[in-house]
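A.B. asks:
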Amino acid sequence: MTTTPILILSGKGKTGRRVAAQLDQRGVPYRLASRSSERRFDWYDESTWADTLAGVDTAYLAPPVGPTGLTQAGKFIAQARGLRRLVLLSGRGVGSPGRDFAVYDGQLELESVVQASGLDWTIVQPAWFAQNFSEDFLQYHVLADEIRLSTGTGAEAWIDTNDVGDVMTTALLDPAYVGRVLPLSGPRTLTMTEIAAELSAATGRTISYVDLDPEAHVAELLEQGLIREDAEAVRDLFAVIRNHRSEYVSDGVEQVLGRPARDFTDWARETAKTGVWDRTAGTV
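For the sequence shown, the UniProt record's numbering assigns the number 1 to the initial residue and increments by one for each residue that follows.
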C-alpha cells in the first residue's frame, strides 16, 4: 500500500470525486487539486503547478474543457517534475482511424504528449457520461422536460460515471494497465429520442427531445453564458454523435472490472429516486 498521496487534478469534477471516494474506501492517501484546495491549483496559473506536484509521483488528470484547457494540460505534463505515473481522462474515439473530427484534435495532441512523456501512462477513453443528465448542464434540460441538443438521430453508448471512476481507480493502482488505452462505454447505444423516453419512464413525466440545428445550438449556448470557443466545442462534440460516429459499444469496463457496465435504464431509475429531477426541489 502506497503512503505517497495520489494527486487528483480536477478533484471536484464528476470523475475526480468518484476516484477520491474509491481511494478512501481502500485506505489510499490522495490530494485533491483545484482552485479552492489547500494547495491552490489553477490550470491557467502556472505558478500554482509546482507546489501541487510536490511530494507526489502518481496523478489522475481530468483536463479542462476546450482547446485552451487541453493545451494547458499538455504544458502541465511537460513540466511535471517528479511525476512517475499518470492516468489521463480522454474521450472515446480519439485517435481512431476515420474519426476525423476537429474536436478530437486537442485531445489527440494531449494523448500524444502523455505517450511521449516518459511516464508510466494509462489513457481512459469513456463515452458520454449518463451523469451529465443529473450533475451537469443536461440536468436543466430534464427539469424543463425538453432536451434541446444537436445530436440528430445519432446514438451514443452512455456510461455511468461510477463505472468510469472504478476503472480509473483500478488503473491508478494496478501496474497491469501501464501503457494501455482503455475505451469505455455503456452496454448499448441510445439516440437522444430514446434517452428522452428512458428519462420519461424514470421520472413519470413526458420529456421530449428537440433536435437543434448545430448553429442554433451554439446560439442557445451563448445565451446561456458560454464563451464562443466552449460553445463551439460542445457543438462539435455532439456533431460526433449527429454524424453516427459513436454508435458502437466498448467493453473496457468488463475487461478491467470483470463485470458488465451499468445500463442506462437502471441508472435512470435509481437516479430518479434521489430527487435530482424533482421540479418541486429544483430550479429551472
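Beta carbons: idealized from backbone N, C-alpha and C, even for Gly.
How would you write the range of the beta strand (DSSP E) that Ser208 sits in, first residue to last?
C.D. replies: Ser208 to Asp211
A.B. asks: When DSSP labels each residue in this structure, what does Gln107 get in the three-state scheme?
C.D. replies: helix
A.B. asks: Checking 8 Å against the spacing of the C-beta atoms, do Gly95 and Leu108 come in under that value?
C.D. replies: yes
A.B. asks: Excluding the five sequence neighbours on either side, which residues of its own chain have a C-beta within less than 8 Å of the C-beta of Val178, listed in chain order?
C.D. replies: Arg85, Asp120, Trp121 and Thr122
A.B. asks: Could you check where the beta strand (DSSP E) with Ala33 kicks off and where it finishes?
C.D. replies: Tyr30 to Ala33
A.B. asks: Sorted by chain position, which residues of the same chain lie with C-beta nearer than 7 Å to Arg259's C-beta, five sequence neighbours on each side aside?
C.D. replies: none
A.B. asks: Does DSSP classify Trp121 as helix, strand or coil?
C.D. replies: strand
A.B. asks: Please determine if the segment 154 to 164 and the segment 33 to 48 are in contact, where contact requires at least 3 C-beta pairs separated by less than 8 Å.
C.D. replies: no
A.B. asks: Would you mind reading off the limits of the beta strand (DSSP E) that contains Val181?
C.D. replies: Arg180 to Leu184
A.B. asks: In chain order, what residues of the same chain have a beta carbon less than 7 Å from the beta carbon of Ala268, not counting five sequence neighbours either side?
C.D. replies: Glu198, Leu199 and Ala202
A.B. asks: Run through the DSSP bridge pairs and tell me what Thr58 is partnered with.
C.D. replies: According to DSSP, Thr58 bridges with Arg85.
A.B. asks: When the distance is taken between beta carbons, is Val28 closer than 8 Å to Asp8?
C.D. replies: According to the sequence shown, residue 8 is Ile rather than Asp. No, they are not a contact pair.
A.B. asks: Note down the Cα distance separating Ser134 from Val276, rounded to an integer number of angstroms.
C.D. replies: 6 Å
A.B. asks: Can you give the Cα-Cα distance for Asp136 and Asp278, rounded to whole angstroms?
C.D. replies: 15 Å
A.B. asks: Where Ile227 and Asp236 are concerned, what is the direct C-alpha to C-alpha distance, given to the nearest angstrom?
C.D. replies: One C-alpha to the other measures close to 14 Å.
A.B. asks: Can you tell me which of Thr206, Gly225 and Thr193 puts its alpha carbon nearest to the alpha carbon of Leu212?
C.D. replies: Thr193
A.B. asks: Measuring CB to CB, does Val87 end up less than 8 Å from Leu172?
C.D. replies: yes
A.B. asks: Output yes or no for whether 8 Å exceeds the beta carbon distance between Thr170 and Leu257.
C.D. replies: yes
A.B. asks: Among Gly106, Val56, Leu70 and Leu89, which one has its Cα closest to the Cα of Ala80?
C.D. replies: Val56
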